[in-house]
Amino acid sequence: MQIPTLRQLAGRSPTLLVALLTAFLAPTALILSLPAVAEEGKGLVGFRADPNAPIEIEADTLEVEQNAQQATFIGNVDAIQGTMRLRSDRLVVTYAEKTAASTGGAGGTEITRIRATGDVHVMSEDDQSADGQWAIYEVAASEITMGDAVVLRQGDNVVRGNRLKIDLNTGQARVESAATPGTGTVENGSNGRVRGLFRVPEQ
139 MQIPTLRQLA
149 GRSPTLLVAL
159 LTAFLAPTAL
169 ILSLPAVAEE
179 GKGLVGFRAD
189 PNAPIEIEAD
199 TLEVEQNAQQ
209 ATFIGNVDAI
219 QGTMRLRSDR
229 LVVTYAEKTA
239 ASTGGAGGTE
249 ITRIRATGDV
259 HVMSEDDQSA
269 DGQWAIYEVA
279 ASEITMGDAV
289 VLRQGDNVVR
299 GNRLKIDLNT
309 GQARVESAAT
319 PGTGTVENGS
329 NGRVRGLFRV
339 PEQ
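Counting with our numbering, you get residues 139 to 341 for the letters of the sequence shown.
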């Protein structure tokens, strides 16, 4: 995965075609295409999408921090990849210099982490969506985590939990609660169990 140089980023408008974010929305397709939902501790298997497809990103503001090696999209962030769409208040891309061994001495940069925060909403075709307050994609570990009052929807079916974890190597997803062991409650005192509501078609 390649990202533009800092000079190129700084010279563009907040509306960008950013190939550097190709790994973000593709993994979230796993969230949106779960055929069934299980209680905490049981795995869910989704599908894979093309991680090389480009993503178009719009935001009110783009900031580049060279020392921190981050590019930040702020305000009404709207990222689209094919039929997938992600909206959030803020999107931060962290990158690092590639090693000479991985590039044959050509240099360049690569993404290490992508984080979306603030009313994160992911939509897909077939009436599928996922909501949370934040989402993190760890590139090296091939893992994506979405958290804080996660809600998965497909048609009339709804699943609620505190955290969603996806292993991109296996395609397996897991919905978790945030209950304190032995108490059944989260830190704010509310019930932290995973909940699901499924509509059964009439015969």
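C-beta atoms are modelled at their ideal positions from N, C-alpha and C, and glycine is treated no differently.
| Asked | Found |
| --- | --- |
| Check whether the Cβ atoms of residue 254 and residue 229 lie closer than 8 Å to each other. | yes |
| Within a Cβ cutoff of 7 Å, which residues of the same chain sit near residue 250, ignoring the five residues on either side of it in sequence? | 232, 233, 234, 277 and 278 |
| On the three-state DSSP scale, how would you describe residue 180? | The predicted model places residue 180 with a pLDDT of 41, which falls under 50 and marks its position as unreliable, so this point remains unresolved. |
| Is the beta carbon of residue 301 less than 8 Å from the beta carbon of residue 289? | no |
| Which stretch, first to last residue, makes up the beta strand (DSSP E) that contains residue 392? | No answer is possible for residue 392: the residues shown for the chain start at 139 and end at 341. |
| To which residues of the same chain is residue 298 closer than 6 Å at the C-beta, ignoring the five residues directly before and after it? | 289 and 333 |
| Please state whether DSSP places residue 331 in a helix, a strand or coil. | coil |
| In or out: residue 204 buried (at least 16 other Cβ within 10 Å) or exposed? | exposed |
| Can you find the residues in the same chain that come closer than 6 Å, C-beta to C-beta, to residue 226, ignoring five residues on each side of it along the sequence? | 215, 254, 256 and 258 |
| Give me, in chain order, the residues of the same chain whose beta-carbon lies closer than 7 Å to that of residue 212; leave out the 5 immediate sequence neighbours on both sides. | 197, 198, 199, 201 and 228 |
| With 16 other CB atoms within 10 Å as the buried threshold, where does residue 206 fall? | exposed |
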